[in-house]
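**Q**
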Amino acid sequence: MTKRKIQMMLSVNGEDHDVSFLPHRTLLEVLREDMQLTGTKHGCELGECGTCTVLVDGEPALSCLVLGLECAGKDIQTVEGLGTAGGPHPLQKRFAELNAAQCGYCTPGILMAAQSILTKDPTPDRETLREELAGNLCRCTGYLRIYEAIEMAAEDMQHGS
Amino acid sequence: MMRLPTFSYCAPDTAEEIAHILAEEGPAAQIVAGGTDLYPNMKRRQVEPKTVVSLARARALRGIEWRDDGSLRLGTSEPLRALERDPRLQSTLPALHQSVLSISTPVLRNMGTIGGNLCLDTRCQYLNQNFEWRRTINHCLKCSGDTCWTAPGSPKCWAVNSSDSVPVMIAMGAKLLLQGAAGRREVTAAEFFDVTDGREWIRRQPDEVMTDIVIPSQEGTRSVYLKLRRRDAYDFPVLGVAARITMDGDLVSDARIVLNAVGPAPVRCTEAEQALIGYRLNAETIGEAGNLSRRGAKPLDNTDYMPNYRKKMVPVFVRRALAALA
Amino acid sequence: MAPKYRIIGKANTKVDGLAKSTGATKFADDLSLPRMLYCKLHRAHVPYAVIKNIDTSAAEAMDGVVAVLVGSELPTQFGILPVSQDEHALCPDKVRFVGDPVAAVAALDEDTAFAAAQAIRVEYEPLPPVFDPAEAIQNEVPQLHDYGDDGNVHKRVAMEFGDVAGALEDADEVLEDVVFYQGNTHLPMEQHATLAMPEADGRLTIWSSTQTPHYLHKAVSKVLGLPPSRIRIIACPNGGGFGGKSDPFNHEIVVAALAVKTQRPCKITLTREEVFYCHRGRHPVLMRSRMGLDKKKKAITGIHFESLLDGGAYGSYGVASTYYTGALQTVTYKVPNYRFDGVRTFTNKPPCGPKRGHGTVQPRFALEIQVDRAAHALGMDPADFRLQNLQPPESVTANWLRIRTMGLKACIDKVVEASGWRERYGKLERGHGLGLACSSYITGAGLPIYWNRMPHSGVQLKLDRGGGVTAFCGATDIGQGSDTVLASCVAEILGVDLLDVRVCVADTDLTPVDLGSYSSRVTLMMGNAAIQAAERARDLLAKACAEKLEVPPARLAFADNRVFDTQDPDKSMEFAQAVVFAEAKFGTIGTVGSYSPPKMPGRYRGAGVGPTPTYSYSASVIELHCDEETGIIDIDKIWIAHDIGQAINYHLAMGQVEGSVYMGVGEALMEEMVYRDRRNGAHKIPSLLEYKSPTTMEMPPVDTFLIEEPDPEGPFGAKEVGQGPLLPIMPAVANGVFDALGVRVNRCPITPEFVLAALESKDKRSGPKSYPDLRIEAPARILTPAEGGDGYEIDQKRKTKQLAREQRTDEQKTTR
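Protein chains in written order, with this note's numbering: chain A, 124 to 284; chain B, 58 to 383; chain C, 6 to 821.
1. In the structure shown, what three-state DSSP assignment does Leu95 of chain C receive?
2. Can you list, in chain order, the residues of the stretch 202 to 231 of chain A whose Cβ is nearer than 7 Å to any Cβ on chain C?
3. Look up Asn740 of chain C in the DSSP assignment and say whether it is helix, strand or coil.
4. Using a threshold of 8 Å, state whether the C-beta atoms of Met131 of chain A and Asp139 of chain A are closer than that.
5. Identify which residue in A:Leu260, A:Leu252, A:Thr176 and A:Arg217 has its Cα closest to the Cα of Leu693 of chain C.
6. At a CB-CB cut-off below 8 Å, which residues of chain C make contact with Glu189 of chain B?
7. In chain order, which continuous runs of the beta strand (DSSP E) of length 3 or greater are located wholly inside the stretch 413 to 450 of chain C?
8. Please report the distance separating the alpha-carbon of Ser37 of chain C from that of Ile447 of chain C.
9. DSSP three-state call for Met675 of chain C: helix, strand or coil?
10. Assuming Ala538 of chain C and Val597 of chain C make a contact with CB atoms under 8 Å, what is their CB distance in whole Å?
11. With three or more beta-carbon pairs closer than 8 Å as the criterion, would you say the stretch 230 to 246 of chain B touches the stretch 198 to 213 of chain B?
12. Which residues in chain C have a C-beta closer than 7 Å to the C-beta of Trp206 of chain B? List them in chain order.
13. Could you tell me the alpha carbon to alpha carbon distance between Glu672 of chain C and Val290 of chain C, rounded to whole angstroms?
14. Can you pull the chain A residues whose beta carbon is under 8 Å from the beta carbon of Val421 of chain C, in chain order?
15. Taking Cβ-Cβ distances shorter than 7 Å, what residues in chain B pair up with Ile690 of chain C?
16. Please report the distance separating the alpha-carbon of Ser599 of chain C from that of Asp514 of chain C.
17. Based on the DSSP secondary-structure assignment, which residues constitute the bridge partners of Ala264 of chain C?
18. With distances taken from CA atoms, which of B:Arg313, B:Val319 and B:Gln236 is nearest Ala346 of chain B?
19. Taking the CB atoms as reference points, tell me whether His284 of chain C and Ser326 of chain C lie closer together than 8 Å.
20. State the Cα-Cα distance for the pair Gln651 of chain C and Ala723 of chain C, rounded to the nearest angstrom.
21. For Ala646 of chain C, report the span of its beta strand (DSSP E) as first-last.
22. Taking C-alpha atoms, which residue in C:Thr489, C:Ala112, C:Ala118 and C:Arg161 lies nearest to Asn222 of chain A?
23. So for Arg367 of chain B, helix, strand or coil by DSSP?
24. Measure from the alpha carbon of Ile454 of chain C to the alpha carbon of each residue in C:Thr18, C:Ser89 and C:Leu629, then state which is nearest.
25. Between the stretch 151 to 168 of chain C and the stretch 342 to 354 of chain C, are three or more C-beta pairs nearer than 8 Å?
26. Determine the DSSP secondary structure at Trp258 of chain B, reduced to helix, strand or coil.
27. Rounded to whole angstroms, what's the CA-CA distance from Tyr96 of chain A to Glu195 of chain C? Just pull it up for me.
28. I'd like the list of long-range same chain contacts for Lys769 of chain C, defined as Cβ closer than 7 Å, with 5 residues on each side in sequence excluded.
29. Would DSSP call Pro387 of chain C helix, strand or coil?
30. List in chain order: all unbroken beta strand (DSSP E) runs of 3+ residues lying wholly within the stretch 516 to 585 of chain C.
31. Would you say Lys38 of chain B faces chain A, with C-beta separation under 8 Å as the test?
32. Quick one: grab the DSSP three-state call for Met226 of chain B.
33. Which of the three DSSP states, helix, strand or coil, is assigned to Tyr323 of chain C?
34. Within 10 angstroms of the Cβ of Lys9 of chain C, are there 16 or more other Cβ atoms? Answer buried if so, exposed if not.
35. Could you list which residues in chain B have their beta carbon closer than 7 Å to that of Leu694 of chain C, in chain order?
36. With distances taken from CA atoms, which of B:Thr360, B:Leu150, B:Arg119 and B:Pro106 is nearest Gly230 of chain B?
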């Protein structure tokens, strides 16, 4: 109940970080505000939009509904760990190329969800993408370019390019 | 940003410890499993528990176990996604599979648990709002007010049981195991949800945690779950229909039709069921059952869609559910 | 034939693509500064009341609270339109809707700010609220504002072009439809955020998620009483706007004031609920349209269109919105006589404003349903009726709108062919249907928001000795890709690579004014300004190179980062070298370009809304099925063709069309801004769960066709694409439902309840039953071009001279 911070090791994008934060803070707040990893965005903080999706132990999770302290010992992956402008992940490259990221605000969450889909199913069909991305609202694209970008990235990854 | 209020947090290793802490803390404690129901409610300040007791570390609350008698034991903190991906569950318990698959979104099913969905807090458009919004309507009966704005003359709260799995569990005759400070008890799903007020939507004592769900063998039955909602993802049901039929030759020997999301508790359509038992399942009997199913449902203006439309959809969905089993 | 371009129209990666897909783009809420305070607003819990007292003592006493602000500290009013300066940063005396901000706190962390905002106590004396526009017309008191046309009527418009009464009288048949279009909101995924920082030299820098940094600049300056030269507005990339971030907002001004007051950086990020209160979305509009038909000519004799807008509590863009509900009815099909009566009312709800398709979406819905009915009344295929009545290119409409290129025929042909319309319309099994609708939209408003004679967009170029080009422009990238459009136009002209152009945008200290990302104006206006600036730079370089290469400048071409002789391409030099020669010859190389729209023929009062350099056109066919028992509509497929003139970037253009279609699907089927009138007018569903935005599961497959016939007004021939393609979706769904079930739903969204109501009704129609008496007096009379008019209201010239004098005075004020 106090405003005393807790201190813990948090594994984010394969790196262990010594972080301290208030115990009632969500992973979203810890990432964005305590670790300055602002790549993860937020649209409602109530689990109603999917914008803040990150991977926790490889599975997509809404960082707005996970406590930071619940992530001790878990492997957190955010968009910052997916790739860089100089060495983008095929998903990032294709999202950029196809204008699958219009305003780009829902993009980090969708990329993480897509990454998880491709881990389980390297060649997902359109229906799979539709169902698996049903929790990620996008107001810009109508999702169509997002499907295309993921399909092309899947192909890139199959051919190791 | 919507943020959580402060609280203390613990994640005990066993159900006994959980029950012990719940007994000590009383109603000031809340159980959290996936967090997808509790944390939004806390952020909106609908609940402000002093202590949050997490089920995350209690290994005994996990598991999808098929027993020799064909029954299934589910650990309550098993993620919905695990149920969805279980091939045997998909083939032998289609209604349960359909209901689980229809819950919210894939990401939320990763996080949410079956126990969490069964215990899902009742929902209402006057309730599931930020604190400041609720101040505008001077709060409601379920949360620090004295009027149910859904039915202002009523002494009861009309928040809606919006779980997809509840009607299916009732139709399948599931049993629920609860661990309390004093010991364990078993209760049928039908009993557990036999309530009349949205403020007390499950018959759980403050010290109890639901640990197991046991679904008896559904051999010889056919079941289905249909759901009305605006969007095919995210949305809670504004009408859920679970139906299970047992046939003896050409005739229906047992029928269970359970509605949800039409009031604070699931509704068993006993008249409709009786109209089927001993008869063939054909257009006529299905139509009759559909008409009779209308009676128990009292949808009010506190969810998506207009209440009279939801009421109108009850017989339609019941007929369609039965037709799917014919 | 369209000229060959190196960059224009190609499927290039947008310049900010990787920044967005790596999470590197900094949106306003991603910024934080040392010593930064968090701001929260205390918002009204009552819809309409006089503020008797504000007690901030409990908030001020809290640990971590640094400052509290109330309305009396910021008494100056602001608003987007000069004629509707009716907002306060914080309400000083009255609140007008649930959510109207009353006080603000700045605290060390957001939790504390939240708690402190909640601890503020406001004592109110309630006033009787009004929620229904028809009631607002009747109830003149209490009046929401002390300005407006009368009572709670904010704006009243009535104008007639030609003889509409005669046209309806002479018609063989008159169709009458009363239609209601429910309000809805933009719902950008990014919640509005603003960060304000006091600089060491006494200036103020503000980063904000705004589509209109220039207007915010003016509003902050006005309310804070600081000269614009001391204020720097930087519009961050917007995480979606759609019109929802086009007004200057309370919270933006409040954090600016708090930053000044505390001398610390101060940030506010709205919650999703607060975004609903900012609103400025689609007006709910009740409409009545009467259309006369000539059965022999199979043509429209005239239209009398009426609209009643529910404006909400403030003016916002409402005056323009009102005119827009009556402006573009004439630009698609020939309407020789046209009358429009419009009324906008104030009600105690969040203010409505411009959402994608601003003000034209609702009347387009009504019109396209009526056109569908007209075709059936004449025994014609709805596609043929439209094709036979197209407004011709290079023409002037009855209400004096000038049409340049007009690609609607090509659009209709395309979607009709692709969808198999001819073989399938009217022939699908019951429950399945096809619907066709068309639309048009402006490519930028012809007039600025405040009267002035300055350019609408300016671009500056700086050429570096290393060959890099920096393009400065006030335009804001809200996801539509304006940064890429800017870079593309410059790179095309200068023959450099897209990535050789660095864009520097939306910063009032650094960039020339562009009026903002609204009204689909940026590509055309910024693009033309960019071309002018780039051509001026190219001319300088060409002169310098011509000397060195010893060829006439006119023979030089710029491509592939080189300057070369078109007749002897071996005579060439690198672009960077060309810059060096030019700089040596002329000094530092910097050029400017600017754009102002052409003069418009309409001169009557109200002629300022509707004109544009050129109109885009769209047509869509939608295939759907509709369950007769549940009324639930499933869209199976959408074909859409859009007359874009010339795509600047293929992927951006396609994305804009697809995104418009998506938003149209939401509006057609489910999105509604609704309130609990009997519960204090609380917003019924201010959340992303209950305000229904389509998920992947609701989005059908879309076949998109770009119709490219370059328009003389557009940069490289480009027209708008960001808004127009939304417009045909809703009426195409309504017309598809008619094809499927034979019923008319004169209401949007077309929800299952209304489909069933139509099926159960005697006249196979659902929607509003009547239209209130708006007490419209005689309309202003304007002769049409066919009648030999001059664009002025009859007897108006005298008045106009007076108006011009007033405008000149305004202009002088503005320049001062």
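Each residue gets a CB set at the ideal place from its N, CA and C atoms; glycine is no exception.
Computed from a prediction, not measured in an experiment: that's the story for all the values here.
**A** Based on what the coordinates show:
1. Secondary structure at Leu95 of chain C: coil, using DSSP grouped into helix, strand and coil.
2. Cβ contacts with chain C: Val202, Glu203, Gly206, Thr207, Ala208, Pro211, Gln215, Phe218, Ala219, Glu220, Leu221, Asn222, Ala224, Gln225, Cys226, Gly227, Tyr228, Cys229, Thr230 and Pro231.
3. Helix, per DSSP.
4. Going by beta carbons, Met131 of chain A and Asp139 of chain A fall outside the 8 Å limit.
5. That would be A:Leu260, whose Cα lies nearest to the Cα of Leu693 of chain C.
6. What Glu189 of chain B touches in chain C: Arg48, His50, Gln123 and Glu278.
7. Qualifying beta strand (DSSP E) stretches, in chain order: 437 to 447.
8. Those two C-alpha atoms are separated by around 38 Å.
9. If DSSP states are grouped into helix, strand and coil, Met675 of chain C belongs with coil.
10. Indeed, because the Cβ distance is near 6 Å, the residues count as touching under 8 Å.
11. Result no; under three Cβ-Cβ pairs closer than 8 Å.
12. Here the neighbours are Arg684.
13. Near 14 Å, if we compare the C-alpha coordinates of Val290 of chain C and Glu672 of chain C.
14. Taking the beta carbon of Val421 of chain C as reference, no residue of chain A falls within 8 Å; the closest one sits roughly 22 Å away.
15. Those within 7 Å of Ile690 of chain C in chain B are Gln182.
16. Cα to Cα, Ser599 of chain C sits roughly 18 Å from Asp514 of chain C.
17. None, per the DSSP bridge assignment.
18. It is B:Arg313 whose Cα lies nearest to the Cα of Ala346 of chain B.
19. In this structure, His284 of chain C lies away from Ser326 of chain C, with their beta-carbon atoms at least 8 Å apart.
20. When the Cα atoms are used, Gln651 of chain C and Ala723 of chain C turn out to be separated by approximately 4 Å.
21. Where Ala646 of chain C is concerned, the enclosing beta strand (DSSP E) starts and stops at Ile638 to Asp648.
22. The option with the nearest alpha carbon to Asn222 of chain A is C:Thr489.
23. Under the three-state reduction of DSSP output, Arg367 of chain B falls in the helix class.
24. Residue C:Ser89 is the option with its Cα nearest to Ile454 of chain C.
25. The stretch 151 to 168 of chain C vs the stretch 342 to 354 of chain C: in contact.
26. Taken through DSSP and simplified to helix, strand or coil, Trp258 of chain B comes out as coil.
27. A question about residue 96 of chain A goes unanswered here, because the residues of chain A that appear run from 124 up to 284.
28. Around Lys769 of chain C: Gly747, Val748, Arg749 and Ala763.
29. The answer is helix: DSSP assigns Pro387 of chain C an H, G or I state.
30. Secondary structure within the stretch 516 to 585 of chain C: the beta strand (DSSP E) runs of 3 or more consecutive residues, fully enclosed, are 561 to 564, 567 to 570 and 577 to 579 (chain order).
31. Outside the displayed span of chain B (58 to 383) sits residue 38 of chain B, for which this structure offers no information.
32. Reduced to three states, the DSSP call for Met226 of chain B is helix.
33. The residue asked about is misnamed: residue 323 of chain C is Gly in this sequence, not Tyr. Gly323 of chain C falls in the helix class under three-state DSSP.
34. Exposed, because fewer than 16 other Cβ atoms sit within 10 Å of the Cβ of Lys9 of chain C.
35. Within 7 Å Cβ-Cβ: Tyr291.
36. Gly230 of chain B has its Cα closest to that of B:Leu150, out of B:Thr360, B:Leu150, B:Arg119 and B:Pro106.
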